[in-house]
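Have a look at the structure below, then the notes.
Numbering (UniProt numbering), first residue to last: 1 to 451.
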């Protein structure tokens, strides 16, 4: 088998990042027919058996990553997090004629600036919430009073997933504006805010691979942002996800492709910002009209959605990423293949997250969890102590991922894995996948009633 003249076991690959998303990508790429040597920078201790980790090179150290890629004659750099993309890592690699999966700095602005993205959506008639940008806090507060609450206040730039504030009262909205524009909580990322409409409905994470000419949709997924059961508590980077998301049926998929993804790909090319990589469309679906509007764009795989997508993908991951970077997704009848099983990931986080938390607590029985049929435990924030035990080293620490014949079945297996793990300082949500499971239960009840 050959990929556009690339022989088997010939590509040296570098994955940039250290989280659960990158562990999933490393895991998938390690099984590829085309990979020769595999590196991760900085990587994490969960990846050690799959690749060579280079912990001394940070994901946002553009110079060091370029040097590492040159040193090891890297064929493809796969960039996981958003920060190096926004900093222009792809541009720097291109200057050295090193192929990279991910958008250039000019294209990564879709995630790097909410002000740019909202204006882009408006220019290209792509459905989204009404909005207005502000640098002056008094003007922002006046606009909020004109529109009323609930309302959404967002920091313009990258804020590690913490720059979006949902305000139910005027006091909460004023506080959000002050935190961003007056107190400078997010530094330069908060030089401007976007004040926008509070959309009601169900969120869906929609992913499509774009190579500038071809857009290839992936299967659907749904994230759980709130920290606690019942979608309560503060927003996090994601406490779990599942795939497929029943809300994203064929009609919705076609709607998002035709009204969002394809116009975005064409619009970016028209504006001399050709997009190559993965476009993550955070969508809100109105339960009555079934219309989907863009909440946000990300320019990389979601975390933890990437983990469930990797669990279900039967296509060679390296071939997929390589074709995207080369601009050949639409050639020679290439198609994606997916496992029909459902997948669920439950994130184990350190108590206190997303606020203050301690590091260094011991985690046991990970091998036992991994040995359960259908379970894969992805590392996101772990380390090893002097005795060789796994310990916590971050907020979101592990992603227990499982497959099953339904979301309910996958959820059951995932929590079986969670319950095997011995970690007194960890916590998780116990209701990951609840929307899909409610739909599954409703379908079964409806079928029984008809019979």
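The beta-carbon is built from N, C-alpha and C at its ideal position, and this holds for glycine as well.
Do residue j and residue i have their beta-carbon atoms positioned less than 8 Å apart in this structure?
i, j, result
"residue 349", "residue 395", "yes"
"residue 85", "residue 108", "yes"
"residue 16", "residue 65", "yes"
"residue 375", "residue 345", "no"
"residue 79", "residue 300", "yes"
"residue 295", "residue 197", "no"
"residue 401", "residue 393", "no"
"residue 355", "residue 397", "no"
"residue 190", "residue 269", "no"
"residue 527", "residue 363", "Residue 527 lies beyond the stretch modelled for the chain, which goes from 1 to 451, so this question has no answer here."
"residue 193", "residue 162", "no"
"residue 343", "residue 242", "yes"
"residue 378", "residue 46", "yes"
"residue 177", "residue 137", "yes"
"residue 317", "residue 28", "yes"
"residue 210", "residue 276", "yes"
"residue 324", "residue 101", "yes"
"residue 89", "residue 57", "no"
"residue 118", "residue 128", "yes"
"residue 68", "residue 14", "yes"
"residue 20", "residue 380", "yes"
Give me whichever residues DSSP pairs with residue i in a beta bridge.
i, result
"residue 426", "350"
"residue 313", "338"
"residue 277", "210"
"residue 38", "13"
"residue 485", "Residue 485 is absent from the structure shown; the chain starts at 1 and stops at 451."
"residue 293", "284"
"residue 363", "390"
"residue 222", "242"
"residue 101", "78"
"residue 215", "210"
"residue 228", "232"
"residue 205", "221 and 282"
"residue 324", "Paired residues: none, contrary to the question."
"residue 53", "40"
"residue 3", "6"
"residue 345", "241 and 401"
Quick one: give me the first and last residue of the alpha helix (DSSP H) that residue i is part of.
i, result
"residue 453", "What is shown of the chain runs 1 to 451, which leaves residue 453 out entirely."
"residue 370", "366-370"
"residue 68", "62-71"
"residue 268", "262-270"
"residue 144", "137-147"
"residue 90", "89-95"
"residue 79", "Not the alpha helix (DSSP H): residue 79 falls in the beta strand (DSSP E), residues 76-79."
"residue 164", "Where residue 164 is concerned, there is no enclosing alpha helix (DSSP H), although the beta strand (DSSP E) it sits in stretches over 164-167."
"residue 27", "20-29"
"residue 467", "Any question about residue 467 goes unanswered here, given that the chain covers just 1 to 451."
"residue 329", "Taken as a continuous stretch (DSSP letters only), residue 329 belongs to no alpha helix (DSSP H), as it is neither H nor E."
"residue 259", "Here residue 259 belongs to no alpha helix (DSSP H), and DSSP marks it neither H nor E."
Comparing C-alpha positions only, which one of the options sits nearest to residue i?
i, options, result
"residue 320", "304, 305, 303 and 338", "338"
"residue 158", "118, 165, 111 and 179", "111"
"residue 340", "137, 410, 68 and 376", "410"
"residue 160", "188, 423, 141 and 177", "188"
"residue 168", "67, 64, 156 and 147", "147"
"residue 370", "90, 386, 399 and 391", "399"
"residue 331", "215, 46, 198 and 203", "215"
"residue 181", "134, 318, 8 and 106", "134"
"residue 195", "80, 218 and 152", "152"
"residue 208", "263, 115 and 200", "263"
"residue 286", "322, 247 and 95", "247"
"residue 52", "42, 436, 426 and 389", "42"
"residue 306", "292, 237 and 373", "237"
"residue 97", "298, 293, 326 and 18", "326"
"residue 54", "40, 334, 62 and 67", "40"
"residue 222", "259, 282, 19 and 145", "282"
"residue 436", "322, 367 and 220", "220"
"residue 485", "50, 423, 185 and 255", "The chain is shown only over 1 to 451; residue 485 falls outside these bounds and no answer can be derived."
"residue 32", "329, 186, 106 and 11", "11"
"residue 99", "116, 70, 144 and 114", "70"
"residue 293", "423, 5, 361 and 259", "259"
Span of the beta strand (DSSP E) holding residue i?
i, result
"residue 396", "396-404"
"residue 234", "232-235"
"residue 415", "No beta strand (DSSP E) contains residue 415, which is instead part of the alpha helix (DSSP H) from 407-420."
"residue 375", "375-379"
"residue 189", "No beta strand (DSSP E) holds residue 189; DSSP gives it neither H nor E."
"residue 383", "382-384"
Between residue i and the ligand SAM, is there a pair consisting of the residue's CB and a ligand heavy atom that are separated by less than 7 Å?
i, result
"residue 282", "This structure simply doesn't include the ligand SAM, nor any ligand for that matter."
Contact between the segment 21-38 and the segment 75-85 (3+ Cβ pairs under 8 Å):
Enough Cβ pairs lie closer than 8 Å, so yes.
Given 8 Å, three or more beta-carbon pairs between the segment 224-242 and the segment 417-426
By the Cβ test, the segment 224-242 is not in contact with the segment 417-426, since fewer than three Cβ pairs between them sit closer than 8 Å.
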